[in-house]
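The numbering used here numbers the first residue of the sequence shown as 10 and each following residue consecutively.
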Amino acid sequence: MRNEQPILEVISLEKKFPVYGAFGKIGGTKAYVNAVKNVSLKVYEGETYGLVGESGSGKSTTGRTILGLTEATSGQVLYQGHNLVELSKKELRKFRRDLQMVFQDPFSSLDPRQKIGDLLEEPLIIHRLGEKKERQQKVFQLLKKVGLQPEHYFRYSHELSGGQRQRLGIARALIMNPKIIICDEPVSALDVSIQSQILNILKELQGELKLTLLFITHDISVVRYISDRVGIMYLGTIVEEGMTDDLFARPLHPYTKALFSAVPDFLKKSLKERVILKGEIPSPLNPPSGCLFHTRCPYATERCRNEIPVMREVESEHSVACHLVE
Ligand code: SF4
Numbered sequence: 010m011r012n013e014q015p016i017l018e019v020i021s022l023e024k025k026f027p028v029y030g031a032f033g034k035i036g037g038t039k040a041y042v043n044a045v046k047n048v049s050l051k052v053y054e055g056e057t058y059g060l061v062g063e064s065g066s067g068k069s070t071t072g073r074t075i076l077g078l079t080e081a082t083s084g085q086v087l088y089q090g091h092n093l094v095e096l097s098k099k100e101l102r103k104f105r106r107d108l109q110m111v112f113q114d115p116f117s118s119l120d121p122r123q124k125i126g127d128l129l130e131e132p133l134i135i136h137r138l139g140e141k142k143e144r145q146q147k148v149f150q151l152l153k154k155v156g157l158q159p160e161h162y163f164r165y166s167h168e169l170s171g172g173q174r175q176r177l178g179i180a181r182a183l184i185m186n187p188k189i190i191i192c193d194e195p196v197s198a199l200d201v202s203i204q205s206q207i208l209n210i211l212k213e214l215q216g217e218l219k220l221t222l223l224f225i226t227h228d229i230s231v232v233r234y235i236s237d238r239v240g241i242m243y244l245g246t247i248v249e250e251g252m253t254d255d256l257f258a259r260p261l262h263p264y265t266k267a268l269f270s271a272v273p274d275f276l277k278k279s280l281k282e283r284v285i286l287k288g289e290i291p292s293p294l295n296p297p298s299g300c301l302f303h304t305r306c307p308y309a310t311e312r313c314r315n316e317i318p319v320m321r322e323v324e325s326e327h328s329v330a331c332h333l334v335e
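And the structure:
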């Protein structure tokens, strides 16, 4: 039975990036790119919330902004009664132990000169947790949990394969006993056979350690496999959200249908109509008026060009932002 109080709540989150002219910052800000726009979502303890969309939809920026790795322009990220967006860096550090991230390429966030044992022990040393022997013990236990060998403790990250590196990325996220992990495309760069191993490890560890996951991906099959609930993102906003089974059984937003239409197996089984996307995702520097999807939507009307559709719950726990679905 789900706890009615979400462990993490995001309310009207917004992230704008300044764009500078030919003279860089000296010339002043030329414009702003609205990478994340009015994103609201709730994540419940122990669940996996999948955030899915094309590249450029703002899903990774949403994840980074929730964690405070990118500063929010406005909005709230509520965790344990605190709005993380308002906290100073020092105050935020107290909560960062509970909220960790697994990156697509863990290598980019790891110092290649450090041995794997040292990389994993480092956060414990920074937070002054345990004596040397306890820390080592914890690292050896964690290596086993993620399917690495004890001898990896003495090796370097560049000696690992892609799948092993992602296991290390997961171990690094787990070392501080977090409550929530934001996984940003953690299997996108891996072969399909390795992808399923990593997804299964995440699922097993989630059950064992009672973790809550926010899982960011562009892969429809992956999000369907791993998520309890799914949010569909387009051009910085969530356009549809629902329980995974409901959403996949009856997608309502034309963009969701278009995304699902691109998966041949799924198309055969569940979709009555095929929606083919026209053109590219528009630049967030110059977003369309009204419904952000109207330039690519086969059902767009005059109203869609002028009026922004609001997110409405149309069935139990199934919300959508589209004039057509009213
Ligand atoms: Fe298409 Fe209009 Fe719905 Fe937007 S509001 S998805 S343009 S039908």
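Backbone N, C-alpha and C fix where the C-beta goes; we use that ideal spot for every residue, glycine too.
task: Taking the CB atoms as reference points, tell me whether Arg238 and Thr253 lie closer together than 8 Å.
output: Contact annotation: Arg238 and Thr253 have beta-carbon atoms nearer than 8 Å.
query: Just checking, does the stretch 47-56 make contact with the stretch 114-130 on the three C-beta pairs under 8 Å criterion?
result: Not touching, per the Cβ criterion.
query: What span of residues does the alpha helix (DSSP H) with Ser83 cover, start to end?
result: In the DSSP assignment, Ser83 falls outside any alpha helix (DSSP H) and lies within the beta strand (DSSP E) extending over 83-88.
message: For the pair the stretch 234-251 and the stretch 58-71, tell me if three or more CB-CB distances fall below 8 Å.
response: The stretch 234-251 and the stretch 58-71 touch, with no fewer than 3 CB-CB distances between them shorter than 8 Å.
- prompt: What separation, rounded to the nearest whole angstrom, lies between the Cα atoms of Ala267 and Ile229?
  reply: Cα to Cα, the separation comes out at about 11 Å.
- request: Compare the Cα-Cα distances from Thr38 to each of Lys46, Tyr29, Ala309, Pro273 and report the closest residue.
  value: Comparing Cα positions, the closest option is Tyr29.
- request: Give every residue of the same chain whose Cβ lies closer than 7 Å to the Cβ of Gln173, excluding the five residues on either side of it in the sequence, and list them in chain order.
  value: Apart from sequence neighbours up to five positions away, the residues of its chain that approach Gln173 with a beta-carbon distance below 7 Å are Leu157, ordered along the chain.
Check: Ala309 C-beta below 7 Å from any heavy atom of the ligand SF4: Yes, the beta carbon of Ala309 sits closer than 7 Å to at least one heavy atom of the ligand SF4.
- prompt: Given Glu316, which residues of its chain have a CB within under 6 Å of its CB, disregarding the five upstream and five downstream residues?
  reply: Only Gly299 meet the Cβ criterion.
- prompt: Going by the C-beta, is Leu333 closer than 7 Å to any heavy atom of the ligand SF4?
  reply: Indeed, a heavy atom of the ligand SF4 lies less than 7 Å from the Cβ.
- prompt: Who are the near neighbours of Arg106 in its chain, counting only those whose CB is closer than 6 Å to its CB and skipping five residues on each side?
  reply: These residues qualify, in order along the chain: Met185.
task: Tell me whether Pro8 counts as near the ligand SF4, meaning its Cβ is closer than 7 Å to at least one heavy atom of that ligand.
output: In the structure as shown, the chain begins at 10 and stops at 335. Residue 8 is therefore absent and cannot be evaluated.
message: If you follow the beta strand (DSSP E) that Thr221 is in, where does it begin and where does it stop?
response: Element bounds for Thr221: 221-226.
Separation of Leu169 from Ile134, as counted between CA atoms: Straight-line Cα distance between these residues: approximately 24 Å.
Residue of Leu50, Ser49, Leu108, Glu324 minimising C-alpha distance to Pro260: Nearest of Leu50, Ser49, Leu108, Glu324 to Pro260, Cα basis: Glu324.
field: Paired residues, beta bridge with Ser49 - DSSP
entry: In the DSSP output, where bridge partners are listed per residue, Ser49 has none listed.
- request: Could you check the C-alpha separation between Tyr165 and Ile207 for me, to the nearest Å?
  value: Those two C-alpha atoms are separated by around 20 Å.
- prompt: Would you say the beta carbon of Tyr264 comes nearer than 7 Å to a heavy atom of the ligand SF4?
  reply: Yes.
query: Should Lys188 go down as buried or exposed, given a rule of 16 or more other Cβ atoms within 10 Å for buried?
result: When all chains shown are included, Lys188 counts as buried.
message: So, does the stretch 60-73 touch the stretch 187-206, judging by three or more C-beta pairs under 8 Å?
response: The stretch 60-73 is in contact with the stretch 187-206.
- prompt: Which class does Thr265 belong to by DSSP, given the choice of helix, strand or coil?
  reply: Thr265 falls in the helix class under three-state DSSP.
message: Helix, strand or coil for Pro115? Go by DSSP, reduced to three states.
response: Note: Pro115 maps to helix in three-state DSSP.
- request: To the nearest angstrom, report how far apart Leu152 and Asp127 are at their CA atoms.
  value: Computed Cα separation, rounded: 12 Å.
message: Between the alpha carbons of Val248 and Pro159, how many angstroms are there, rounded?
response: Taking the straight line from one Cα to the other gives about 45 Å.
message: Would the stretch 135-145 count as touching the stretch 80-100 if we require 3 or more Cβ pairs under 8 Å?
response: By the Cβ criterion, the stretch 135-145 is not in contact with the stretch 80-100, since fewer than three pairs of Cβ atoms, one from each stretch, lie closer than 8 Å.
message: At a threshold of 7 Å, does Phe302 count as lining the ligand SF4 (C-beta to nearest heavy atom)?
response: Inclusion of Phe302 in the 7 Å shell around the ligand SF4 follows from its C-beta lying nearer than that to a non-hydrogen atom of the ligand.
- request: Could you tell me which residues DSSP puts in a beta bridge with Ile247?
  value: Ile247 pairs with Met242.
First through last residue of the alpha helix (DSSP H) which encompasses Asp341: The structure shown has nothing for residue 341, since the chain only spans 10 to 335.
query: If you draw a straight line from the alpha carbon of Arg102 to that of Leu244, how long is it in whole angstroms?
result: Going by the C-alpha atoms only, they are around 30 Å apart.
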